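*Asks:*
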Amino acid sequence: VLEYLLKEAPLGVVNYWGGEPGRTVVYRAVAENPYKPKLIVNGPLTGVAVIDGDSIDSSLSEVSEALAMEVLMYDQQLCSSPTMALFIGNYERAIQLAKEVSKHLDILGSSYEIEVSEGWLYNLNTLRKALEFQGAKVFRSDDPRNPYTVVVSKSKSSFTGLRLVPLDLHSRKRFLEIIVVNDLIDCVKLIKELPRTTGYAGVDRVQTVALWVHERKASYYVRKLASAGVYRVVPLGESFLRTPREPYDGEYIPRYFTYTSYFRVRRSV
């Protein structure tokens, strides 16, 4: 039935959500359709949190709780869920943040237990050790029902030094890497590079940036982050929230189901 619909049915629009190999299969099938339907692809995406260290002096607990909730919400299976956090500031402050996030994950996560296999836990522990060998600081839970992991890296992802990644991005749950960077320019660079970064393969780009910054800096941050190709910039803690007026991944999909007809009357002489 699906093959008939894609290749032969009189369709106007096909909207595919997903990555490979299904994406290529759909592309080829729709290309054979004599009705030439429009094909809209919403590929796999992820989220990133951007935190300005100067903006959390009096709100460390609030920031860490919001970040912990982002990690727990749907166990990072949304296209908007942050799987990486970029911290603009010094390493010691980032360690403080990671400790606070871990505390909140410990408390909140115990109320939302998950079931994972022994094989998954084995791969998780292998990954944790591999990242520690790369020099990363790893905060972890030994509770198999709340297996959170918070990694702190300097300047770049600690995944880049790994030859093999035991758990890919889509398989990881309650797993966050915090990367300490110097400035917003570094953030933009890492966001652009994320789809090609070891350990983050399998996504097309960053969909959502969850931002924590002083209000006076917000417009500057948004302009710079938009240059990284992100579709959404929202307050930290609200990545999952979608309003009816939002475009989906940069597109207003309803426009593909309509078209404009032009009409002109003859001017009287």
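Per this note's numbering, numbering through the sequence shown is continuous, rising by one, with the last residue being 1632. From the three backbone atoms N, C-alpha and C, an ideal C-beta is built for every residue, glycine too. Bear in mind the structure is a predicted one, so any value in this text is a computation, not a measurement.
Taking just the CA atoms, how far does glutamine 1440 sit from arginine 1535?
*Replies:* On the sequence shown, residue 1535 is found 172 positions in, with the first residue counted as 1. On the sequence shown, residue 1440 is found 77 positions in, with the first residue counted as 1. Those two C-alpha atoms are separated by around 9 Å.
*Asks:* Mind reading off the beta-carbon distance from proline 1510 to leucine 1487? Whole number of angstroms is fine, and I expect it under 8 Å.
*Replies:* Numbered from 1 along the sequence shown, position 147 holds the residue referred to as residue 1510. Numbered from 1 along the sequence shown, position 124 holds the residue referred to as residue 1487. With 8 Å as the limit, proline 1510 and leucine 1487 qualify as a contact, their Cβ atoms being about 6 Å apart.
*Asks:* In chain order, which beta strand (DSSP E) runs of at least 3 residues are fully inside the stretch 1394-1466?
*Replies:* Segments of the beta strand (DSSP E) lying fully in the stretch 1394-1466: 1401-1405, 1408-1415, 1445-1451.
*Asks:* Could you check if proline 1397 is buried or exposed, using at least 16 other CB atoms within 10 Å of its CB as the buried criterion?
*Replies:* Residue 1397 sits at position 34 when you count from the first residue of the sequence shown. Exposed.
*Asks:* Could you check where the beta strand (DSSP E) with phenylalanine 1538 kicks off and where it finishes?
*Replies:* Sequence index remark: in the sequence shown, residue 1538 carries index 175 (1-based). Residues 1538-1544.
*Asks:* Which word fits glutamate 1626, buried or exposed, when buried means at least 16 other C-beta atoms lie within 10 angstroms of its C-beta?
*Replies:* The sequence position of residue 1626 within the sequence shown is 263, counting from 1. The displayed chain sequence assigns phenylalanine, not glutamate, to residue 1626. Classification of phenylalanine 1626: exposed, given that the 10 Å Cβ count is below 16.
*Asks:* Output needed for valine 1596: all residues of its chain with C-beta closer than 7 Å, excluding positions within five of it in sequence on either side, in chain order.
*Replies:* One-based indexing of the sequence shown puts residue 1596 at position 233. Counting only Cβ-Cβ distances below 7 Å, and skipping sequence neighbours, we find Val1572, Leu1574, Val1585, Leu1588.
*Asks:* Could you tell me whether the stretch 1545-1553 touches the stretch 1380-1390, where touching means 3 or more Cβ pairs closer than 8 Å?
*Replies:* With the cut-off at 8 Å, the stretch 1545-1553 and the stretch 1380-1390 do not touch.
*Asks:* Since alanine 1499 contacts valine 1515 with CB under 8 Å, what's their CB separation in whole angstroms?
*Replies:* Position 136 of the sequence shown holds residue 1499. Position 152 of the sequence shown holds residue 1515. That pair is a contact at about 6 Å.
*Asks:* Could you say which of Phe1538, Asn1405, Val1569 lies nearest to leucine 1553 if we only look at CA atoms?
*Replies:* Within the sequence shown, numbered from 1, the residue matching residue 1553 stands at position 190. Taking only the C-alpha atoms, the option nearest leucine 1553 is Val1569.
*Asks:* Which partner residues does alanine 1589 have in the DSSP bridge list?
*Replies:* The sequence position of residue 1589 within the sequence shown is 226, counting from 1. DSSP, once it has assigned bridges, lists no residue as partnering alanine 1589.
*Asks:* If tyrosine 1619 sits next to valine 1364, beta carbons under 8 Å apart, how far is it from one beta carbon to the other, in whole angstroms?
*Replies:* As a position in the sequence shown, residue 1619 is number 256, starting the count at 1. As a position in the sequence shown, residue 1364 is number 1, starting the count at 1. Not really, about 23 Å apart at Cβ, beyond 8 Å.
*Asks:* Compute the beta-carbon to beta-carbon distance between alanine 1431 and leucine 1374, rounded to the nearest angstrom, for a pair I have assumed lies under 8 Å.
*Replies:* On the sequence shown, position 68 is the one that residue 1431 refers to. On the sequence shown, position 11 is the one that residue 1374 refers to. Not a contact, Cβ separation roughly 43 Å.
*Asks:* Which residue from His1577, Lys1492, Leu1525 puts its Cα closest to that of threonine 1512?
*Replies:* Indexing the sequence shown from 1 puts residue 1512 at position 149. Looking at the Cα atoms, Lys1492 is the closest of the given residues.
*Asks:* Where does arginine 1503 sit, in a helix, a strand or coil, going by DSSP?
*Replies:* By 1-based counting over the sequence shown, the position of residue 1503 is 140. In this structure, arginine 1503 counts as strand in the three-state DSSP scheme.
*Asks:* In chain order, what residues of the same chain have a beta carbon less than 7 Å from the beta carbon of aspartate 1475, not counting five sequence neighbours either side?
*Replies:* Locating residue 1475 in the sequence shown gives position 112, where the first residue counts as 1. Just to set this straight, residue 1475 is tyrosine in the shown sequence, not aspartate. Within the same chain, tyrosine 1475 has close Cβ partners Leu1435.
*Asks:* Measuring straight from C-alpha to C-alpha, what distance separates proline 1529 and glycine 1592?
*Replies:* In the sequence shown, residue 1529 corresponds to position 166, counting from 1. In the sequence shown, residue 1592 corresponds to position 229, counting from 1. Approximately 29 Å, taken between the alpha carbons.
*Asks:* For leucine 1604, I'd like the list of residues in its chain whose CB is within less than 8 Å of its CB, leaving aside the five on either flank, ordered along the chain.
*Replies:* The residue you call residue 1604 lines up with position 241 of the sequence shown. Here the set comprises Val1597.
*Asks:* With distances taken from CA atoms, which of Lys1466, Asp1612, Lys1370 is nearest phenylalanine 1502?
*Replies:* For the purposes of this step, residue 1502 is taken as residue 139 along the sequence shown, with counting starting at 1. Closest by alpha carbon: Lys1466.
*Asks:* The beta strand (DSSP E) that contains arginine 1568, what's its start and end?
*Replies:* By 1-based counting over the sequence shown, the position of residue 1568 is 205. Run containing arginine 1568: 1568-1575, per the beta strand (DSSP E) assignment.
*Asks:* Name, in chain order, the residues that DSSP records as bridge partners for tryptophan 1380.
*Replies:* Residue 1380 sits at position 17 when you count from the first residue of the sequence shown. Asn1405.
*Asks:* DSSP three-state label for proline 1529, please.
*Replies:* For the purposes of this step, residue 1529 is identified with residue 166 of the sequence shown, where counting begins at 1. Correct three-state label for proline 1529: coil.
*Asks:* Could you tell me the distance, in whole angstroms, from the CA atom of leucine 1402 to the CA atom of serine 1421?
*Replies:* What you label residue 1402 is simply residue 39 of the sequence shown in a count that begins at 1. What you label residue 1421 is simply residue 58 of the sequence shown in a count that begins at 1. Roughly 48 Å separates the two Cα atoms.
*Asks:* When you compare the CB positions of aspartate 1567 and glycine 1406, do they come within less than 7 Å of one another, or not?
*Replies:* For the purposes of this step, residue 1567 is taken as residue 204 along the sequence shown, with counting starting at 1. For the purposes of this step, residue 1406 is taken as residue 43 along the sequence shown, with counting starting at 1. Contact: yes.
*Asks:* Specify the secondary structure class of serine 1516 as computed by DSSP and reduced to three states.
*Replies:* As a position in the sequence shown, residue 1516 is number 153, starting the count at 1. Here serine 1516 sits in strand by DSSP.
*Asks:* Between threonine 1427 and leucine 1471, which are expected to be in contact by the criterion C-beta below 8 Å, what is the C-beta distance as a whole number of angstroms?
*Replies:* Stepping through the sequence shown from its first residue, residue 1427 is reached at position 64. Stepping through the sequence shown from its first residue, residue 1471 is reached at position 108. According to the sequence shown, residue 1427 is serine rather than threonine. At roughly 11 Å, the Cβ-Cβ gap does not stay under 8 Å, so serine 1427 and leucine 1471 are not in contact.
*Asks:* Out of Leu1539, Thr1409, Glu1395, which has the shortest C-alpha to C-alpha gap to glutamate 1556?
*Replies:* Position 193 of the sequence shown, counted from the first residue, corresponds to residue 1556. Minimum Cα distance to glutamate 1556 is reached at Thr1409.
*Asks:* Taking only three categories from DSSP, how would you classify proline 1598?
*Replies:* In the sequence shown, residue 1598 corresponds to position 235, counting from 1. In this structure, proline 1598 counts as strand in the three-state DSSP scheme.
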